[in-house]
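For the numbering used here, add 1 to where a residue sits in the sequence shown, where the first one is 1. Backbone N, C-alpha and C define an ideal beta-carbon position, used for all residues, glycine too. Report on one structure; see the data block that follows.
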Amino acid sequence: MAGDTKAVAGDHAFQERARLRQPTSREPKTITGTAATGHLGRLVVEDLLQRGVPAGQIVAAVRSPDKATGFADRGVRVFEADYIRPETLAAAFAGTDKLLLISSSEVGRRQAQHNNVVQAAVDAGVELIAYISAVNADSSSTKLAEEHRTTEALIRESGLPYVFLRNGWYIENSTENLATAFQFGTIAGSAGDGRISGAARADLAAAAAVVLTGDGHDGAVYELGGTPFTMTELAAEVAAQSGKPVTYQNLPAYAYTEMLLSAGRPAPFAALLVDSDLGISRGDFFSTSTDLERLIGRPSTPLTDVVAAAVKTA
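Here's what the structure looks like:
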């Protein structure tokens, strides 16, 4: 009982700090994006620049600043921000009005790392935290969704104004290794006939940029996905555009796991991929939401276009 009382008191203190540290409205706004040199984060920064946000109002918070020299050369402020080193987060978030939190890539360690980020955001007096979550995070039974649910709850409890961007499956996840598909004539997995509301990373980055540069998103939860497809349909599109025989091979979970391990995938990552595929087979990555199109103001990029780009570089 005493432990419960302390936990409640801690939660209240956490929320009160968030309330008291909210800065008064001021211009210009500073937008900070974490993981800004990653696949998604880099696209978000580029989109912000294209939308006319002055480079000096953008902070690229990255683990390795030497990888962000291209941004620094264009006037973007670059700060080291390591989720496991809170002191770097404090410096990176100072003066931040809107913060984009892209989840850690370290499966199984996200909760502690995200807690550090949220605490630093509270201490910095951030006006809005936009969190990149996963589609159907509140109902999906995948391990990935479980971690996102935990972070969403943490953010809600912090007292910070928030928006959750529940990104659908990145189509590029399934097209980034077409050389192997061409070599063996198959794209393998355990997704069955599950329909995937996938989207191009550029579309999801654009949605994040819209939220970060606009108003009226406080408390919103956006389910972001494009036109659904199955892995069989994706493989058929790859075959049609490449002129090479490629089909989808559905494997039992144990066989797919063995294949990933033999290809050198670390065991935790292999387990996550298999679990996600099983989630696809159950419909966990399918959504009828039109939030993505509404946010970006246009139809989402079709599967054919994403496949075409991947085929050109394979």
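Check                                                                                                                                                                : Outcome
Note down, in chain order, each residue of its chain lying with its Cβ closer than 6 Å to the Cβ of residue 296, except the 5 sequence neighbours on either side.    : 208, 211
So within the region 213-294, which uninterrupted alpha helix (DSSP H) runs reach at least 4 residues, ignoring any that extend past its ends?                       : 232-243, 254-263, 268-283
Could you have a look at residue 78 and say whether DSSP puts it in helix, strand or coil?                                                                           : strand
Give me the Cα-Cα distance between residue 221 and residue 133, rounded to the nearest whole angstrom.                                                               : 12 Å
Which partner residues of residue 62 appear in the DSSP bridge assignment?                                                                                           : 35, 80
What are the boundary residues of the alpha helix (DSSP H) that includes residue 159?                                                                                : 144-159
Whole angstroms is fine: what's the gap from residue 148's alpha carbon to residue 111's?                                                                            : 7 Å
DSSP three-state call for residue 137: helix, strand or coil?                                                                                                        : coil
I'd like to know whether the C-beta atoms of residue 93 and residue 62 end up nearer to each other than 8 Å.                                                         : yes
Go through its chain and collect everything with a Cβ distance to residue 311's Cβ below 6 Å, but skip five positions before and after it.                           : 176, 179
One question on the structure: do residue 162 and residue 128 come within less than 8 Å of each other, judged by their Cβ atoms?                                     : yes
Ordered along the chain, which non-local residues of its own chain (more than five positions away) have a Cβ less than 7 Å from that of residue 52?                  : 210, 214
Check for me: the alpha helix (DSSP H) holding residue 190 runs from which residue to which?                                                                         : Premise fails: residue 190 lies in the beta strand (DSSP E), 187-190, not in any alpha helix (DSSP H).
Do the region 223-237 and the region 66-74 meet, that is, are 3 or more Cβ pairs less than 8 Å apart?                                                                : no
Please classify residue 85: does DSSP put it in a helix, a strand, or coil?                                                                                          : coil
Between residue 155 and residue 115, is the Cβ-Cβ spacing less than 8 Å?                                                                                             : yes
Would a C-beta distance cut-off of 8 Å place residue 204 and residue 190 closer than the cut-off?                                                                    : no
Can you tell me whether residue 255 is buried or exposed, with buried defined as 16 or more other CB within 10 angstroms of its CB?                                  : exposed
Assuming residue 103 contacts residue 42 under a Cβ cut-off of 8 Å, what Cβ separation, rounded to an integer in Å, is found between them?                           : 5 Å
Rounded to whole angstroms, what's the CA-CA distance from residue 286 to residue 172? Just pull it up for me.                                                       : 12 Å
Going by beta carbon distance, what residues of the same chain come within less than 6 Å of residue 243, once the five residues before and after it are set aside?   : 312
Leaving out the 5 sequence neighbours to the left and right, which residues in its chain are closer than 8 Å to residue 268 when beta-carbon positions are compared? : 262
Residue 165: buried (16+ other C-beta within 10 angstroms of its C-beta) or exposed?                                                                                 : buried
Mapping DSSP to helix, strand and coil, what is residue 315?                                                                                                         : coil
Does the beta-carbon distance from residue 224 to residue 282 come in below 8 Å?                                                                                     : no
With DSSP as the reference, label residue 111 as helix, strand or coil.                                                                                              : helix
Measuring alpha carbon to alpha carbon, tell me which residue in 150, 201, 157, 167 is nearest residue 174.                                                          : 201
Secondary structure at residue 30, three-state DSSP: helix, strand or coil?                                                                                          : coil
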